[in-house]
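Student: Numbering (UniProt numbering), first residue to last: 14 to 847.
Just so you know, even glycine gets a beta-carbon here, dropped at the ideal spot from N, CA and C.
Computed from a prediction, not measured in an experiment: that's the story for all the values here.
My structure is below; once you've seen it, I'll send some questions.
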Ligand code: BZD
């Protein structure tokens, strides 16, 4: 039975569990208490990092108070909750974000200043929580911020990797990877919950038996078990008491130590099991938009699925409701197919452990889950070899075959005799070995499937799930356009612009209702406002130039046009088209007379991004960028007009400096390949313009900002297949300007060109249509240069575009999910729980 304080002590509990006040002296007292008691430091033994830690612990106290109040409130009101399952949460730093969301930044600034530290310096001491690859992981983090801010009863569930995404360093211009052991000095933002742990089974066997009522049943036995331990990561909402939780699992051995082996003198074996268990959550797989079929990755998926479901079910069972009410209390969102085994695991628990019939169980499952697709690229769709799943999860493999059988029977009924359709729709891809298609499993087990931008959601319906739309009906397949949190991506990253907007809109309410930004359009023609807006941009460019000087040694002029492409390196994102464009520009500059040069718009081209360690072509693109940079930046003839930078180790914190400083950003994927993109939204929100293809969320951004305020170019999605086909079967000559660029590379100007041959070789089949799009790309660049020359007209474009971004708040995305898919309503944490 739960403990409750005796009546006489209740008063004491209430009094002393209240959130601390936020006056200067109380903050200072809390800081020094943590410095001396939590960290065992003294005023003679402090440094900036210890001061960061003490501040973090002090802020964490506020988070925990709100977290407790929120949990208390939710357990009393017991609303329907949403569980966001994601193998990635790309959170970045927490201190600044927490201070701003709690509205404590100014208080801490003064209090910490009084103790002799500067809050900005302390913020810089924090290492990023980089538990994600790119867009998918960052989206999950933005969604958590919005869920908390909008008072939704929500949990995030994931894995506490000990090593986040690798650190990227450049060695001789090549990417090299270093481990990201982000926990070296502890992590003040997590709360380890040794009291919240579950066993997770792997391997073993399936036993068939007849139960007391004569039913044939199965149970999964034997094998090996590991323990999942919870680590909680509080996520505060902006200007609300609400504080939600991301629960990240870490793996521990079931038995710490094998004494029998130890006694036999088998020292290695005695720790083997422990090592194997701990391995499961040690490292994040560094691939984005690419499937690699490693056993350890499958183990990670099941480990996190099993622990999460046990936790959700324990919470559900607290209120003794019948199982039939599960979908009314629980909504589970699958962030891509990575947590799809959860569908199978819930079915297993319901039939094997809870004694429900197959149909009762499947009805509950299919009313609980929904699935977000983030890509239609075939190489990124998850499929797992049947023998691998059979070995690791024998009972799950049986259930997958069984649910596929029932599913195909239903398909056969609706489309009698259509064998090819059955083959296409099956969860099992036939072959040696067979494979499980996770996207099919996710779609069959979910009540909704969504894409992440209008175009992408259409492609989902017409390509990978075309047959499924015919079978289930089109209502099941919906669009929820992505969004980004304006708290981190404007208020925190760009305080100058945030202050200006608040001044014009008379307060900060717009940060919780981004549609209000629209009112800023009224100032687009106001020269005084234009000057203030562009002055903020200029200061952000100075801040970036200082950072670039620091990490690369190259000096940049903030007067130049800052042109940025920062995202994971991938051929479909076409960073190589960008660098080929830079080479074209450089060659042109070299051929210009002095008089011609004087008319040129000076440009700084900035790249940043990581390549998957095994992605050879992507890494070669980095090498080409850095090789060209070495030549271009050292050329006195052109250096006033062109600088080229590769910023190493792109992460959330670098993005926070880079994005507010860009005049132009490039989002130039081959049409139909980038599901949405989310940095495109961040750039425009911060007063930069887009040069992009008609792809992903670029299209919707274009609709909002108007065609004069975005630079579109290139083949359309509907044309891509025909162009590819045409290129394949006709002798299509490569674009002449692109040929010129290849010549420039092959001349040896940027070092031995032999190393670049494999990259140039990809242009022969040219799957990503660089040749077709190259001239239109360069023409769009000319339109950019011309527009940038007119300072006032440029400012007007930037202001109008930024003010049109109301749609792209992750608050809007989350409200979409909540109303149309999850069917949940806000539950504000009221005073009586605080
Ligand atoms: O998801 C990205 C898409 O490429 C973007 O277009 C989109 O904006 C974001 C958010 O919806 N996808 C990923 O980032 N995918 C991965 O990182 C990933 C990671 C592991 C395995 C497969 C894909």
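Could you check if residue 691 belongs to the surroundings of ligand 1, using beta carbon to heavy atom distance under 7 Å?
Tutor: For the purposes of this step, residue 691 is taken as residue 678 along the chain shown, with counting starting at 1. Yes; taking the cut-off as 7 Å, the Cβ of residue 691 has a heavy atom of ligand 1 nearer than that.
Student: Determine whether the beta carbon atoms of residue 109 and residue 136 lie at a separation below 8 Å.
Tutor: The residue you call residue 109 lines up with position 96 of the chain shown. The residue you call residue 136 lines up with position 123 of the chain shown. In this structure, residue 136 lies closer than 8 Å to residue 109 by Cβ.
Student: Would you say residue 813 and residue 636 are within 8 Å of each other, going by their C-beta atoms?
Tutor: Here residue 813 refers to the residue found at position 800 of the chain shown. Here residue 636 refers to the residue found at position 623 of the chain shown. The answer is no: Cβ separation not under 8 Å.
Student: Less than 7 Å separating the Cβ of residue 574 from some heavy atom of ligand 1?
Tutor: Start at 1 with the first residue of the chain shown, and residue 574 comes out as number 561. Checking every heavy atom of ligand 1 against the Cβ of residue 574, none is found closer than 7 Å.
Student: Between residue 612 and the rest of its own chain, which residues show a CB-CB distance below 7 Å, the 5 nearest in sequence each way excluded?
Tutor: Numbered from its first residue, the chain shown carries residue 612 at position 599. Taken in chain order, the list of residues that qualify is empty.
Student: Check the C-beta distance from residue 294 over to residue 174 and give it rounded, since I have them as a contact under 8 Å.
Tutor: Here residue 294 is taken as the residue at index 281 of the chain shown, counted from 1. Here residue 174 is taken as the residue at index 161 of the chain shown, counted from 1. Between residue 174 and residue 294 the Cβ distance is about 6 Å, and since that is below 8 Å, they are a contact.
Student: Sorted by chain position, which residues of the same chain lie with C-beta nearer than 7 Å to residue 281's C-beta, five sequence neighbours on each side aside?
Tutor: Mapped onto the chain shown, residue 281 falls at position 268. If we look at residue 281 and ignore the five residues flanking it on each side, it has no Cβ neighbours.
Student: Does the structure place the stretch 751-768 close enough to the stretch 631-646 that three or more beta carbon pairs sit under 8 Å?
Tutor: yes
Student: Residue range of the alpha helix (DSSP H) that residue 119 falls in?
Tutor: The residue given as residue 119 occupies position 106 in the chain shown. From DSSP, the alpha helix (DSSP H) with residue 119 extends over 118-128.
Student: In this structure, does DSSP put residue 760 in helix, strand or coil?
Tutor: Sequence index remark: in the chain shown, residue 760 carries index 747 (1-based). Residue 760: coil per DSSP, three-state reduction.
Student: Taking residue 203 as the reference, which of 774, 284, 69 and 57 has the closest Cα?
Tutor: Residue mapping note: residue 203 aligns to position 190 of the chain shown, counting from 1. For the residues 774, 284, 69 and 57, the minimum Cα distance to residue 203 belongs to 69.
Student: Assign residue 28 to one of three DSSP states: helix, strand, or coil.
Tutor: Residue numbering aside, residue 28 sits at position 15 when the chain shown is read from its first letter. Three-state DSSP puts residue 28 in a helix.
Student: Suppose contacts are defined by Cβ-Cβ distances below 8 Å. Is residue 706 in contact with residue 681 by that definition?
Tutor: As a working note, residue 706 is residue 693 in the chain shown. As a working note, residue 681 is residue 668 in the chain shown. Yes, Cβ-Cβ distance for residue 706 and residue 681 is below 8 Å.
Student: Check each candidate in 605, 154, 307 and 781 and name the one with the smallest Cα separation from residue 400.
Tutor: Translated into positions along the chain shown, residue 400 becomes position 387. Residue 307 is the option with its Cα nearest to residue 400.
Student: Identify which residue in 574, 568 and 449 has its Cα closest to the Cα of residue 551.
Tutor: Against the chain shown, residue 551 aligns to sequence position 538. When each option's Cα is compared against that of residue 551, the closest is 574.
Student: Shorter than 7 Å, the distance from the beta carbon of residue 150 to the closest heavy atom of ligand 1, or not?
Tutor: Sequence index remark: in the chain shown, residue 150 carries index 137 (1-based). Residue 150 Cβ: within cutoff of ligand 1.
Student: Classify residue 258 as buried or exposed, calling it buried when 16 or more other Cβ atoms lie within 10 Å of its own Cβ.
Tutor: Taking the first residue of the chain shown as 1, we reach residue 258 at position 245. So residue 258 counts as buried.
Student: Residue 397 by DSSP, collapsed to three states: which one?
Tutor: The residue given as residue 397 occupies position 384 in the chain shown. If DSSP states are grouped into helix, strand and coil, residue 397 belongs with the strands.
Student: Pick from 339, 381 and 304: whose alpha carbon is nearest that of residue 351?
Tutor: Numbered from its first residue, the chain shown carries residue 351 at position 338. Considering only alpha carbons, the answer is 304.
Student: Give a yes or no on whether the C-beta atoms belonging to residue 659 and residue 85 are separated by under 8 Å.
Tutor: Counting from one through the chain shown, the residue named residue 659 turns up at place 646. Counting from one through the chain shown, the residue named residue 85 turns up at place 72. In this structure, residue 659 lies away from residue 85, with their beta-carbon atoms at least 8 Å apart.
Student: Report buried or exposed for residue 348, applying the criterion of at least 16 other Cβ atoms within 10 angstroms of its Cβ.
Tutor: In the chain shown, counting from the first residue as 1, residue 348 sits at position 335. Buried.
Student: If you pair each beta-carbon of the stretch 446-462 with each one of the stretch 487-501, do three or more pairs fall below 8 Å?
Tutor: yes
Student: Would residue 241 pass as a contact of residue 260 if the rule is Cβ separation under 8 Å?
Tutor: The count along the chain shown starts at 1 and reaches residue 241 at position 228. The count along the chain shown starts at 1 and reaches residue 260 at position 247. Contact flag unset, no.
Student: What residue ranges within the stretch 74-123 form continuous alpha helix (DSSP H) runs of no fewer than 4 residues, ordered along the chain?
Tutor: Counting whole runs of 4 or more residues, the stretch 74-123 contains the alpha helix (DSSP H) stretches 108-114.
Student: Specify the secondary structure class of residue 18 as computed by DSSP and reduced to three states.
Tutor: One-based indexing of the chain shown puts residue 18 at position 5. Correct three-state label for residue 18: coil.
Student: Verify the contact flag: residue 349, CB atom, against every heavy atom of ligand 1, threshold strictly below 7 Å.
Tutor: As a first step, residue 349 is located in the chain shown; it is residue number 336 there, counting from the start. Residue 349: yes, Cβ under 7 Å from ligand 1.
Student: When you compare only the Cα positions, how much space is there between residue 746 and residue 778?
Tutor: Here residue 746 refers to the residue found at position 733 of the chain shown. Here residue 778 refers to the residue found at position 765 of the chain shown. Here the C-alpha atom of residue 746 lies approximately 11 Å from the C-alpha atom of residue 778.
Student: Of the choices 805, 249 and 339, whose alpha-carbon is the least far from that of residue 380?
Tutor: Start at 1 with the first residue of the chain shown, and residue 380 comes out as number 367. Nearest C-alpha to residue 380 among 805, 249 and 339: 339.
Student: Got a sec: does ligand 3 put a non-hydrogen atom nearer than 7 Å to the Cβ of residue 388?
Tutor: Ligand 3 is not part of the structure shown, which contains ligand 1 as its ligands.
Student: Taking only three categories from DSSP, how would you classify residue 680?
Tutor: Here residue 680 refers to the residue found at position 667 when the chain shown is read from its first residue. Note: residue 680 maps to strand in three-state DSSP.
Student: Does DSSP classify residue 191 as helix, strand or coil?
Tutor: The residue given as residue 191 occupies position 178 in the chain shown. Strand at residue 191.
Student: Kindly indicate the opening and closing residues of the beta strand (DSSP E) around residue 245.
Tutor: Working through the chain shown from its first residue, we reach residue 245 at position 232. Residue 245 -> beta strand (DSSP E) spans 237-249.
Student: Name, in chain order, the residues that DSSP records as bridge partners for residue 230.
Tutor: Taking the first residue of the chain shown as 1, we reach residue 230 at position 217. The partner list for residue 230 (beta bridge, DSSP) reads 222.
Student: Decide if residue 581 is buried, meaning its Cβ has at least 16 other Cβ atoms within 10 Å, or exposed.
Tutor: By 1-based counting over the chain shown, the position of residue 581 is 568. With 16 or more other Cβ atoms within 10 Å, it is buried.
Student: For the candidate residues 374, 664, 297 and 822, whose alpha-carbon lies nearest to that of residue 263?
Tutor: Walking along the chain shown from the start, residue 263 turns up at place 250. Answer by Cα proximity: 297.
Student: What residue from 378, 537, 78 and 129 has the CA that sits closest to residue 41's CA?
Tutor: Taking the chain shown and counting its residues from 1, the one referred to as residue 41 is at position 28. For residue 41, the nearest C-alpha among the options comes from 129.
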